[in-house]
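Numbered per my numbering, the sequence shown spans residues 15 to 416. Beta carbons are placed, not taken as given, at the ideal position from N, Cα and C, and that holds for glycine. Written out below as structure tokens is the structure these notes cover.
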Amino acid sequence: MAFLSDAVSRIKPSPTVAMTGRAAELRAEGRDIIALSAGEPDFDTPEHIREAAKAAIDAGRTRYTAVDGIAELKQAIADKFARDNGLEYNTDQISVGTGGKQILFNALLATVDPGDEVIIPAPYWVSYPDIVSLAGGTPVVLPCPADGGFRLSPEALRQAITPATKWLILNSPSNPTGAAYSADEMRAITDVLMENPHVWVLADDIYEHLVFDGFRFVTPAQIEPGLIGRTLTMNGVSKAYAMTGWRIGYGAGPRELIRAMAKLQSQSTSNPCTISQHAALAALTGPQDYIDSSRAAFQRRRDLVVKGLNECPGIDCPMPQGAFYVYPSIADLIGRVSPNGTRITDDEAFAAALLDETGVAVVFGAAFGLSPHFRVSYAASDDMLREAIGRIRRFCEGCQEQ
Ligand code: PMP
Ligand code: GLU
């Protein structure tokens, strides 16, 4: 009898986490590594948030709290949904977890049984299919290539829905492409969901505030209030306030779902870190100017990276609307041989050769379910990005046909 469970054998370690770890290891060995693999802002958490955490410690706020979050934080989250998204939630419709990741995990574990299907547009954030598989469900991956702007079309969604469909997971702006849905595009998707009342939608809005060129962010339940009874709107402080390490995410949805998620959490991690909850409270209720300054920095870096990558022979880099990723194609490099003699058979071979030969760490497209691409996280200084692009350009220039 196998020692490890079938459930855990169905999943793999998170490739984004693994790549970030690999880059850190190589750097510790003394290699000159530029890591464009980590999906986290490179800024420090704003000072008033750090101060709130220190004050929480000094005030003795160091004990267990209610399993899915303190009342003040839930109220601040309800206020945030009303302010930013026009969504009205009571505090008993809100769940706070250890990162957005735990919210997704709880929601899927609480609702997905063997035989249930979950529609996941690809490229997707790496954890969606694995969490669905862990729950025993079937991820139904729908390829959404670059020529459709990496967005799910209403026709593709309509065709993919079966009586077994439980959820659609929609992530806008997207990790790894940065693609975001306009109000009209979102309306086309929510119209299909309205035709299919058994399908729930899990909206991953974690990159909400990182949208560029005046793009207006929208979330499904805001565009179609008729979906409110079968939507989980997920968000968090990791990306909005440079708080990835604090581990606070949240979701809002129907009470029955929220209660089931709290039940799971009560039997696993219990409450998210008390000190971090107080920090998140300060983030949501305090000055919001960090959001604008980080948006401006990321827009400048996006422009620098898209232009620089499009100057690399063999790379084609679409312009994203949001997040801090680009997802260029390397279709023209497949089959070539790298400067040090590695055949680039696929995007995994490309990323491995790039890391080995130039020290630039990126994540290969197959990890996100759509090849041949790679993901660049441009959450790095402008100087680092210029240096990385120079290395990538020289690498591409040295790739030969054979
Ligand atoms: N969703 C997406 C699309 C993400 O990129 C991330 C960041 N890894 C998360 C959810 C979860 O973030 P966290 O757990 O830090 O809130
Ligand atoms: N969301 C980030 C990324 O995609 C963090 C790592 C993870 O949790 O996957 O790189």
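Residues near residue i by beta carbon distance below 8 Å, same chain, minus five either side
{"i": "E209", "result": "R172"}
{"i": "R230", "result": "S196, A197"}
Proximity of residue i and residue j at Cβ, strictly below 8 Å
{"i": "I183", "j": "V132", "result": "yes"}
{"i": "A266", "j": "Y103", "result": "yes"}
{"i": "P187", "j": "Q302", "result": "no"}
{"i": "F409", "j": "S352", "result": "yes"}
{"i": "R405", "j": "Y341", "result": "no"}
{"i": "A7", "j": "I305", "result": "Absent from the model: residue 7. The displayed extent of the chain is 15 to 416, so no value can be given."}
{"i": "A170", "j": "G383", "result": "no"}
{"i": "I403", "j": "L323", "result": "yes"}
{"i": "P159", "j": "V206", "result": "no"}
{"i": "F338", "j": "L224", "result": "yes"}
{"i": "F57", "j": "S308", "result": "yes"}
{"i": "A296", "j": "T59", "result": "no"}
{"i": "V319", "j": "L369", "result": "no"}
Where residue i falls, given that 16 or more other Cβ within 10 Å makes a residue buried
{"i": "G111", "result": "buried"}
{"i": "I145", "result": "buried"}
{"i": "Q416", "result": "exposed"}
{"i": "I48", "result": "buried"}
{"i": "N354", "result": "exposed"}
{"i": "G192", "result": "buried"}
{"i": "E199", "result": "buried"}
{"i": "I71", "result": "exposed"}
{"i": "L18", "result": "exposed"}
{"i": "P153", "result": "buried"}
{"i": "E222", "result": "buried"}
{"i": "T247", "result": "buried"}
Residue i CB to nearest heavy atom of the ligand GLU below 7 Å
{"i": "V31", "result": "yes"}
{"i": "S141", "result": "yes"}
{"i": "S28", "result": "yes"}
Nonlocal neighbours in the same chain, by C-beta distance under 6 Å from residue i, ignoring five residues either side
{"i": "A274", "result": "A124"}
{"i": "I272", "result": "Q107, S109"}
{"i": "C9", "result": "The chain is shown only over 15 to 416; residue 9 falls outside these bounds and no answer can be derived."}
{"i": "K88", "result": "T105, I108"}
{"i": "G113", "result": "R261, G263"}
Residue-level contact to chain D via CB, residue i, 8 Å cutoff
{"i": "I117", "result": "Chain labels in this structure do not include chain D; a single protein chain is all it has."}
Same chain only: Cβ atoms within 7 Å of residue i, ignoring 5 sequence neighbours per side
{"i": "S391", "result": "L50, S51, A52, G53, F338, Y339"}
What residues come near the ligand PMP, if near means a beta carbon less than 6 Å from any of its heavy atoms? G53, G113, G114, K115, W139, N185, N189, D218, I220, G250, S252, T258, G263
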